[in-house]
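**Student:** Residue numbers (the numbering used here): 3 to 120.
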Amino acid sequence: MKKIEAIIRKTKFDDVKEALSKVGIDFFSYWEVRGIGRSREERAFRGIVYDTSAIERIKLSIVVRDKNLKNTINAILESGKTGAIGDGKIFVVDIEESYRIRTGEKGDESLYIKGEEE
Numbered sequence: 003m004k005k006i007e008a009i010i011r012k013t014k015f016d017d018v019k020e021a022l023s024k025v026g027i028d029f030f031s032y033w034e035v036r037g038i039g040r041s042r043e044e045r046a047f048r049g050i051v052y053d054t055s056a057i058e059r060i061k062l063s064i065v066v067r068d069k070n071l072k073n074t075i076n077a078i079l080e081s082g083k084t085g086a087i088g089d090g091k092i093f094v095v096d097i098e099e100s101y102r103i104r105t106g107e108k109g110d111e112s113l114y115i116k117g118e119e120e
């Protein structure tokens with residue numbers, strides 16, 4: 003099992019969410035986050051342009067079975083890309099164990115519903 007953490011542009015969130023759904027990722031957590039990076043975003047307020055060093059992004063947290071890793075990453079890469087600096091990052095870490103609280107299932111079995119997926 004792997005945990006994917008992706009930081010993407012807010013404007014690409016709906017595209018990424020739809021792409022994840024198409025590859026069978028129906029559940030994930032996300033947060034609105036701010037960060038500092040090379041990219042600078044300007045905002046205009048009443049005709050005055052402000053440079054902001056805090057870049058608004060969305061952080062996704064997705065735990066997947068090993069067999070779903072590549073499809074999930076590709077979905078994020080393809081749908082989250084604009085080609086400009088500041089498109090984001092994807093991080094992948096190992097998950098040692100997981101448990102479904104309702105049934106007590108653990109490991110791979112806790113990440114899908116039997117009968118609905120292989």
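Even glycine gets a Cβ: it sits at the ideal position worked out from N, Cα and C.
Small disclaimer: the values here were computed from a predicted structure and weren't measured.
Have a look at ILE64, ILE97 and GLY82 and flag the residue whose alpha-carbon is nearest the alpha-carbon of GLY90.
**Tutor:** On the sequence shown, position 88 is the one that residue 90 refers to. Measuring from the Cα of GLY90, the nearest candidate turns out to be GLY82.
**Student:** Would you decide whether ARG48 is buried or exposed? Buried here means 16 or more other CB atoms lie within 10 Å of its CB.
**Tutor:** Position 46 of the sequence shown holds residue 48. So ARG48 ends up on the exposed side.
**Student:** Along the chain, where does the alpha helix (DSSP H) containing LYS24 start, and where does it finish?
**Tutor:** By one-based count along the sequence shown, residue 24 stands at place 22. Start and end: 15-24.
**Student:** Quick check for students: name the residue ranges of the alpha helix (DSSP H) that lie wholly in the stretch 60-92, counting only runs of 4 or more.
**Tutor:** DSSP runs (the alpha helix (DSSP H)) wholly in the stretch 60-92: 71-82.
**Student:** Using the Cβ count rule (16 or more neighbours within 10 Å means buried), how would you classify ALA8?
**Tutor:** One-based indexing of the sequence shown puts residue 8 at position 6. Answer is buried; the Cβ neighbour count reaches 16.
**Student:** Grouping DSSP H, G and I as helix and E and B as strand, with all else coil, what is GLY37?
**Tutor:** Start at 1 with the first residue of the sequence shown, and residue 37 comes out as number 35. DSSP places GLY37 in strand when its eight states are reduced to three.
**Student:** Three or more C-beta pairs under 8 Å: does that hold for the stretch 14-28 against the stretch 73-81?
**Tutor:** yes
**Student:** Under 8 Å: do the stretch 3-21 and the stretch 56-72 share three or more Cβ pairs, one atom per stretch?
**Tutor:** Segments in contact, yes.
**Student:** Can you check which of these residues, ALA86, GLY88 and LYS69, is closest to MET3 by C-alpha distance?
**Tutor:** Residue 3 sits at position 1 when you count from the first residue of the sequence shown. Nearest of ALA86, GLY88 and LYS69 to MET3, Cα basis: LYS69.
**Student:** Taking just the CA atoms, how far does THR13 sit from ILE50?
**Tutor:** On the sequence shown, position 48 is the one that residue 50 refers to. On the sequence shown, position 11 is the one that residue 13 refers to. Whole-angstrom Cα-Cα distance: 23 Å.
**Student:** Taking the beta carbon of ALA46 as the centre, do at least 16 other beta carbons fall within 10 Å, making it buried, or is it exposed?
**Tutor:** Along the sequence shown, read from residue 1 onward, the residue named residue 46 stands at position 44. So ALA46 ends up on the exposed side.
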